[in-house]
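Per this note's numbering, residue 3 is the first one in the sequence shown, and the count goes up by one each step. To start, the structure under review is shown below, and the notes come after it.
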Amino acid sequence: MSTSYDVINPATEEIVKNVPHLDIEQTDAVIAKAAKAFDTWRHIAPGERARLLRSFSQVVTDHREELAQLEITNAGHTRSNALWEADNVANVLMYYAASPERLFGKQIPVPGGVDITFKEPIGVVGIIVPWNFPMPIAGWGFAPALAGGNTVVLKPAEYTPLTAIRLAELALLAGIPESVFNVLPGKGSVVGNRFVTHPLVRKIAFTGSTSVGKSIMAGCADQIKRVTLELGGKSSNIIFADADIAKAASGAPGAVFDNAGQDCCARSRILVQRTAFDAFMEHFEVAVKKFRVEDPNLATADMGPLISKKQFDVVESYLDEEIAFTGTAPTGPGYWMAPTVLLPKNTNSKSWREEIFGPVVSVLTFEDEADAIAMANEGEYGLSGSIWSRDVGRALRMSRAVETGALSINSNSSVRFWTPFGGFKQSGLGRGLGPDALDSYTELKNVFISND
Ligand code: NAP
Ligand code: MG
């Protein structure tokens with residue numbers, strides 16, 4: 003039995019659109035078509051596949067305003083973020099459009115003949131996307147998957163299906179053949195789970211919570227299904243007294259409150275060296291109070307609402323620790339929350355340990371490098387983080403010691419499509435983006451040709 007979902011604008015609580023959900027039979031039918039389309043897509047000449055991906059990129063660019071507007075309305079993303087996100091899809095498509103013509107193997111010296119390797123497509127790839135960055139996370143999966151010669155079935159999050167649905171239409175407009183890139187709105191427990199159990203889906207690229215990621219990985223074990231996971235985080239923003247404190251403080255709100263803190267890379271723990279604590283907090287308070295939480299349609303907005311009432315309630319449950327100060331937020335309809343700075347008692351406090359996924363940050367002090375490393379590495383997450391110091395040696399030592407996948411020094415920006423992205427420990431498995439992403443979307447084949 004099919005169901006449907008009313009998409010809600012989180013800034014107004016108005017219903018935007020009713021989106022039908024696929025049931026198991028409908029999901030199976032799309033997977034069967036994607037498996038059939040794989041036969042043709044994989045055999046399209048590399049140059050032609052590249053041209054089609056460049057065309058897809060151009061069509062996304064031509065529709066950037068429309069896509070951005072959909073995301074503002076569907077997810078409450080600020081206008082500047084939403085435009086960046088649409089452009090990111092176009093950029094990632096363009097970046098991986100270079101891959102089909104450069105999918106090199108190796109010629110390996112062996113006795114008695116010639117040995118060569120090929121990077122073969124895997125088949126139908128299932129991509130499961132969360133609601134926090136619907137466009138970029140979808141693109142980080144489907145662009146390298148398509149470039150590798152795979153066909154794609156993509157399940158957007160229930161809350162945020164609109165841009166994914168539109169991207170599938172734009173793919174057809176760009177000339178990507180029918181059934182090569184398929185978007186299947188539906189429930190995780192139905193459509194997402196079917197990707198895991200269906201034998202014709204040969205790989206899963208999952209982004210979402212660590213708990214669901216574990217169940218996906220366990221499910222994939224049954225068919226030795228390839229799986230990559232991008233999961234949660236509790237990342238540290240580590241500020242030494244020898245840093246440019248004013249700069250570190252003015253960047254800290256954006257590093258955690260961007261997208262209302264609903265960011266797996268959010269630097270939701272701030273570690274300040276004790277001797278710099280007062281100076282940092284003084285600058286930080288000014289920056290937090292300047293952070294504009296307002297109608298996401300406004301070009302001036304730094305932050306919009308949370309995605310849902312449910313998420314609002316979850317985040318609010320963390321506000322029972324000492325509050326240092328807050329920013330401001332609109333009142334009235336919408337899931338608005340002011341950016342909030344907490345002073346937890348110690349590293350055992352709930353706000354320090356758990357991924358909050360909202361506009362809440364916790365600040366603690368540390369004494370020295372060893373102390374900062376121990377605090378940053380506590381817990382099972384290891385996704386991102388920042389290190390602020392003018393001492394190059396210290397910054398390098400710290401960057402090697404912090405157990406996370408994507409770090410930035412004297413900067414809070416660690417996500418670029420040119421560079422690998424993914425987590426240590428329970429923040430994930432495998433890496434996306436960067437020059438090697440196609441390794442996760444191809445199978446390595448070795449062929450020996452005898453001299454005889
Ligand atoms: P989630 O609950 O894990 O859901 C993610 C996706 O998985 C959704 O599409 C969901 O569908 C689907 N799903 C749920 N249960 C499933 C199942 N049993 N089988 C297959 N699919 C299933 O995560 P979320 O609440 O959307 O997103 C927040 C989490 O994502 C945070 O922990 C955050 O850190 C993480 N995240 C990580 C990254 C990264 O790159 N590392 C990026 C963004 C977000 P429904 O929508 O129907 O539930
Ligand atoms: Mg969820």
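Ideal placement from N, C-alpha and C gives every residue a C-beta, glycine not left out. Please read all numbers here as calculations on a predicted model, not as lab measurements.
- When distances are taken from the beta-carbon of Val214 to the heavy atoms of the ligand NAP, the shortest one is below 6 angstroms.
- For Glu324, the three-state secondary structure derived from DSSP is coil.
- Residue range Ile26 to Trp43 is occupied by the alpha helix (DSSP H) that includes Ile33, with no beta strand (DSSP E) assigned at that position.
- With contacts defined by Cβ atoms closer than 7 angstroms, Leu186 and Val192 do not form a contacting pair.
- When the Cα atoms are used, Arg399 and Asp89 turn out to be separated by approximately 35 angstroms.
- Secondary structure at Thr165: helix, using DSSP grouped into helix, strand and coil.
- Relative to the ligand NAP, even the nearest heavy atom lies 6 angstroms or more away from the CB of Leu409.
- Short note on Asn195: C-beta closer than 6 angstroms to some heavy atom of the ligand NAP.
- Residue environment analysis places Ile139 among the buried positions, since at least 16 neighbouring C-beta atoms fall within 10 angstroms of its C-beta.
- Less than 7 angstroms separates the beta-carbon of Leu435 from that of Pro422.
- Residue pairing for Ala408: DSSP places it in a beta bridge opposite Ser386.
- The beta strand (DSSP E) runs lying completely inside the segment 247-332 and spanning 3 residues or more are 271-275 and 325-328, given in chain order.
- Taking 6 angstroms as the cut-off, the C-beta of Leu186 does not count as close to any heavy atom of the ligand NAP.
- With the rule of 3 Cβ pairs closer than 8 angstroms, the segment 238-248 counts as touching the segment 381-393.
- Here the alpha carbon of Gly425 sits roughly 7 angstroms from the alpha carbon of Leu233.
- Relative to the ligand NAP, even the nearest heavy atom lies 6 angstroms or more away from the CB of Ala149.
- Under the three-pair Cβ rule at 8 angstroms, the segment 58-68 does not count as touching the segment 214-224.
- Taking 7 angstroms as the cut-off, the beta carbon of Ser351 is found closer than this to the beta carbon of Glu323.
- Taking Lys311 as the centre and dropping the five residues before and after it, the same chain places the C-beta of Tyr337 closer than 7 angstroms to its C-beta, in chain order.
- Here DSSP, grouped into helix, strand and coil, assigns Gly235 to coil.
- By the criterion of at least three beta-carbon pairs nearer than 8 angstroms, the segment 109-128 is in contact with the segment 150-157.
- Shown here, Val417 sits in coil according to DSSP, grouped into three states, outside any helix or strand.
- The shortest C-alpha to C-alpha distance from Asp373 to any of Ala36, Val131, Val274 and Asn412 is the one to Val274.
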